[in-house]
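Below is one structure, written out as structure tokens; comments come after it.
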Amino acid sequence: MKKFRKVLDGLTTSSPVNPGGSPVCGSAAGTPSAAPTPRDLEIQETLMSEHFQICKTVRHGFPYQPTALAFDPVQKILAIGSRSGGIRILGRPGVDCHSQHESGAAVLQMQFLINEGALVTACADDTLHLWSLRQRLPAILHSLKFNRERITFCHLPFQSKWLYVGTERGNTHIVNIESFILSGYVIMWNKAIELSTKTHPGPVVHLSDSPKDEGKLLIGFESGTIVMWDLRAKRADFRIYYDEAIHSVSWHHEGRQFMCSHSDGSLSMWNLRNTAKPFQVTFPHGKTQRDGRKESCKPILKVEYKTSRNSSEAFVIFSGGLSYDKAGRRPTLTIMHGKAITVLEMDYPIVDFMVLCETPYLNEVQEPYAVVVLLEKDFVVVDLTQSNFPIFENPYPMDVHESPVTCTAYFADCPPDIIPVLYSIGAKHKKTGYSHKEWPVSGGTWTVGSQTYPEIIITGHADGSIKFWDATAITLQMLYKLKTSKVFEKPKTGDMGRSADLVEEDPYAVQMISWCPQSRIFCVVGISAHVILYRFSKHDANTIITSLELRLQCEMEDVISPSDTENTPCFSDPSGHSPQPQPPSPRSNTPDSVRDSIPCLKVKDRMIRMPPGYQAELVVQLLWVDGEPPQQITCLDLNSAYGLLALGNCNGLAVVDYLQKTILLCMSTLELYGSADPFQRLTRSPRKNRQSTSDFCMRGLSNFYSDSKKRIRTSYQSLTELSDNQVSLDLERSKSPTSAPYTPSLHNDPRGTGEPVSNLRSCHYSPVFYLLDNESRENSFSRSRSSSVSSIDRETKEAVTTLQFAESYGRKSDSLPTPCLWVGTSLGLVLIIPMSIPTDEQERQEDPVTVAPTGTVLMLKGSVLRFGFLDCGGALINSPYEVWRDQHAPDDPDRPRKRKLVNFSPSSSQEACGDGHLAVVCSERQAKVFFMPSQACLYVHNITESSFVLRADVVSVSNSVCLACFCANGHIMILSLPSLRPLLDVSYLPLTDMRIARTFCFTNGGQALYLCSPTEIQRITYSQEMCVNLQETLGELFTPIETPEAQNRGFLKGFFGGNAQTFDREELFGEASAGKASRSLAQHIPGQGGIEGMKAAAGGVVGDLARARIALDERGQRLGELEERTALMMTSAETFSKHAHELMLKCKDKKWYQF
């Protein structure tokens, strides 16, 4: 049966009816089909399965939904916990680590073991975790799961191994940090309060030991009860019953008084000498009303009470407390220093804040120097040493989500000069007014690795802005920001046909980007069916933006017959396309419609001054047709050597000459086939009732984000697939994708582009197509397919899903490669359109470019996603490009500016193999390799049957080329080229969010990225070599530092200040004196340990060697620390012996009365 199929394959491949090869080629990867080939290709493939492994590298951006904050004042590192169980640890730039609790429970609170390289986290599932930070990838050493009580508050005293844990029942437990075992010592709530109290005090909201005496523990209950518990005597020293609920407590460093924040917006001060009532109650933001009462205020959620040597006045810093009548005011942080009150308004609600102090000892003058403020969507550090309280410039990329990210692009191994150029331009627009002091979170160490290369990440946003990021090594730094909205006039209210009607809130949202780093030409596709072409210049310029307008709309009333498609398409006269709007189409049924031949946005038609950087040169807009808005653009490609730009949507294809500012081609997909249409299209009945204009209103991007009122409405509904399945498409799909009540069946791939990443000319876009009818399908990748191909009922509105310009062969008879446009459609068809482009520079500016569709058709299953081209030796053929030249630079008569083109022709790149090249075509189900110009199918591989490919890229890894695919079921697959052998198939992540599908992209060097949350970019690697070397590229979180010595308290303070230093917690809480805790109260769970935690990041023999090397390094580090401590002790002993000997000699001959 298999032989019979191969014979059929060969017959079908050679058949002139189907010049694209058989749609039922053998599915076995690596097995050549029976199709005749021009020669036996002997390509040595070097990539093997052991070259590939998946692991996460680094996460950029702001932690999504933060919940907790912690800081180590000695190591100077900071930790942020999130609602999803993530932990982000930050130090100096380059020291940035993300870890995840496997349970995914929210992080409630975190406590550093100061200067010990460890972190304790308390999660919402009532589990405590001890993290080791002494290796580059943190690992859990111990976990303790509470079974019967809910954790509400934790406190770890400085240089103590006993952790106090408060619970919802009001009890306080004590945990040994070293063994992570509960002590038998428990402070029960009914013992902490008086027996006469009839009500429960509520959960524990505060725990702290007295700065004056570590043997005294201050316990704060939610109801307003405060208890000072004597740990030695196991009784309460005093109890305070206050009317208002308590949110936080903060001590004065002397330990004689403390401050509480309350739910009524008040601050109360308490003195230990008289606890009957507070000696001071203030309402910082509450005014006295006419009746003498204070106006009601919002709760003060947290207060910090810090002292300073330079001032007799203490700092009182708190969040909240504003009066209720000030509605609409932003969240505030208040800094009270003496009589001066400074209110800092924040852009987002405050989650937590911490005051950074010079000393880790609570019984010393604190000397606050900064405040770290964690907001819901931002991270701010305020400088307290200056009177105007400026903020520090944040070195971390915390503003990725400044506007919601709608698309991403990743470019590795960029030209080395592009990053400095972008940085120099972007630095001119940086904000000023920051603090001049160094960033206070400066812990850890990081060095740039030896094997680094320029990397750039580009993000497109809902407000139309574009951000260029330097992603070299593992860092992320913003280089340059571009605002595409400046190209357009601001829409006026009631402006008919404009973006106010088309897109509600985000008319400029970026949907796709295409960038050629060599020529520095940049294209942006917006949601309002527009394309903006930018050129880069180091000089400012005064220019007028050219605008071209396209009518790319299919009419349902057309009855398609074979005769309609046999005629050669008429090419548009270049002179006929000017910046002015085009006349209505002759086929328009409603020429008097208000919205006809009108673009969605109005381009500025006056002289505009453009600063250095990317400057808009051309805008291409699709027009409204007969009251229907233009369909969104689904794919885009540009080629700087050709000077051409191609775009497609569900209606058809357009090619634009951006050098001459003319439209070369604008026709439906069906017209491109000519007589080579492989389908028998059925006639369609006319549409009955045209819906009103208001029904076609597109929804703005801002309506579809993860806020409570904004949901993503993105669908990846496939149009159809070619083989084995058949789809009856709704005739109504020619309407706008957003018109109700039908469901659009248009499949739009998340990366439907035509440029291999390895070529550094990639088109990345977000398929923002909204479903308005079925909410349950918003986050599903369900298909609607039937199982018959006998009668294919397909309509002519076939979507163009990917495009790519390349030097190729448009016809089988071609002997030399020519400029071609490869077009992939949603029906799995590939069209090759040859072009004739003048080679002389002067002729290129004047003579028209001719485009001649030949009807060449290749076939695959599913929507076509990606093209790639190899020579007969298996090397990647890059598309030609133009070398960048600054068009606005001053003229130099000695060096005239001419176009310099770099061409990678298949014939010039292979002398030994002769003419011809290999074309790699990947669809959502299948990958094929064709030999050109014979168009014979050499290899075929069915990538998936149960799912479909969302993203595919031809990438360079380990000096070779492969095909990388990301499927809707979360699998990452790597296929060899050209044989399409499976090298890797890993179930990486369950695709539960459209955001991942929308932003996932591969790049060279074995790297990829995706938006793992609305605020964070996750970078991963699929290269074994990079996984092994990951330890070397990451920063060190822990640096051996001597703990600062406590200040000398003096004789009188030590004599009268209590005996806090003699308090022995081990003797009090240990098993010998306190006994064992109940086993049913908490369960100890051993962790993976420090070195074991690296197993997820490295494997095999090389990984074992790396782990052994790091283990030896850690052991050597510990031995070195021990040796240093021994040397210090010996030096101290020698000094003491010397002083004792000198004292003996001095006093040897004195009598007793002489002393």
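So in our numbering the end of the sequence shown lands on 1917, straight run, no missing numbers. Virtual Cβ for every residue (Gly too), placed ideally from N, Cα, C.
Do you know how far the Cα of residue j is from the Cα of residue i?
i: Leu-1084; j: Asn-1036; result: 30 Å
i: Leu-1725; j: Val-1592; result: 18 Å
i: Val-1790; j: Asp-858; result: 19 Å
i: Ile-876; j: Thr-1069; result: 21 Å
i: Arg-1357; j: Gln-1697; result: 45 Å
i: Thr-1209; j: Leu-1426; result: 52 Å
i: Gly-1168; j: Glu-1886; result: The question names Gly, but residue 1168 in the sequence shown is Thr. In a straight line, the C-alpha of Thr-1168 is about 54 Å away from that of Glu-1886.
i: Leu-1807; j: Ala-1714; result: Looking at the sequence shown, residue 1807 is not Leu but Glu. So the alpha carbons of these two residues sit roughly 58 Å apart.
i: Gly-1617; j: Leu-1434; result: 7 Å
i: Phe-1831; j: Ile-936; result: 8 Å
i: Val-1551; j: Cys-1278; result: Confidence in Val-1551 is poor, its pLDDT being 32 and thus under 50, which makes the residue's placement unreliable; the coordinate value appears in the next sentence. Approximately 41 Å, taken between the alpha carbons.
i: Tyr-1570; j: Asp-1439; result: It is worth fixing the name first, because residue 1570 is Ser in this sequence and not Tyr. If I take the Cα positions, the gap works out to 21 Å.
i: His-1901; j: Gln-1809; result: 22 Å
i: Glu-1883; j: Gln-921; result: 18 Å
i: His-1301; j: Phe-833; result: 45 Å
If you reduce the DSSP assignment to three classes, tell me which class residue i lands in.
i: His-917; result: strand
i: Arg-1757; result: helix
i: Cys-1909; result: helix
i: Glu-1569; result: strand
i: Pro-1581; result: strand
i: Glu-1311; result: strand
i: Tyr-1131; result: strand
i: Ala-1102; result: strand
i: Val-1249; result: helix
i: Phe-1531; result: With a pLDDT of 33 at Phe-1531, under the threshold of 50, the modelled position of this residue cannot be trusted, and the question is left open.
i: Ser-1186; result: helix
i: Tyr-1172; result: strand
i: Gln-1239; result: strand
i: His-1903; result: helix
i: Asn-952; result: helix
i: Thr-1765; result: strand
i: Arg-1018; result: coil
i: Phe-874; result: strand
i: Thr-1893; result: helix
Confirm, please, whether the CB-CB distance from residue j to residue i is below 8 Å.
i: Leu-852; j: Leu-870; result: no
i: Gln-1315; j: Asn-1413; result: yes
i: Cys-1727; j: Cys-1684; result: yes
i: Thr-1219; j: Val-1286; result: One point to set straight first is that residue 1219 is Ile, not Thr, in the sequence displayed. Not closer than 8 Å, so no.
i: Trp-1013; j: Tyr-1067; result: yes
i: Gly-1849; j: Leu-899; result: no
i: Gly-1732; j: Leu-1745; result: no
i: Lys-1064; j: Ser-1023; result: yes
i: Arg-850; j: Ile-842; result: yes
i: His-968; j: Phe-915; result: yes
Under a Cβ-count criterion, where at least 16 other Cβ atoms within 10 Å of its own Cβ denotes burial, should residue i be classed as buried or exposed?
i: Tyr-826; result: buried
i: Gln-1042; result: exposed
i: Ser-1670; result: Here Ser-1670 scores only 48 on pLDDT, less than 50, and its place in the model is too uncertain to base an answer on.
i: Phe-1898; result: exposed
i: Met-1788; result: buried
i: Arg-1880; result: exposed
i: Asp-1367; result: exposed
i: Val-1417; result: buried
i: Glu-1605; result: exposed
i: Pro-785; result: Note that Pro-785 has pLDDT 37, beneath the 50 cutoff, so the model's placement of it is unreliable and no number is given.
i: Cys-1909; result: exposed
i: Gly-1837; result: exposed
i: Gln-723; result: With the chain running from 763 to 1917 in the structure shown, residue 723 is simply not present.
i: Lys-1254; result: exposed
Fully enclosed by the segment 791-860, which beta strand (DSSP E) runs are 3 residues long or longer? Correct list: 814-823, 828-834, 839-844, 848-852.
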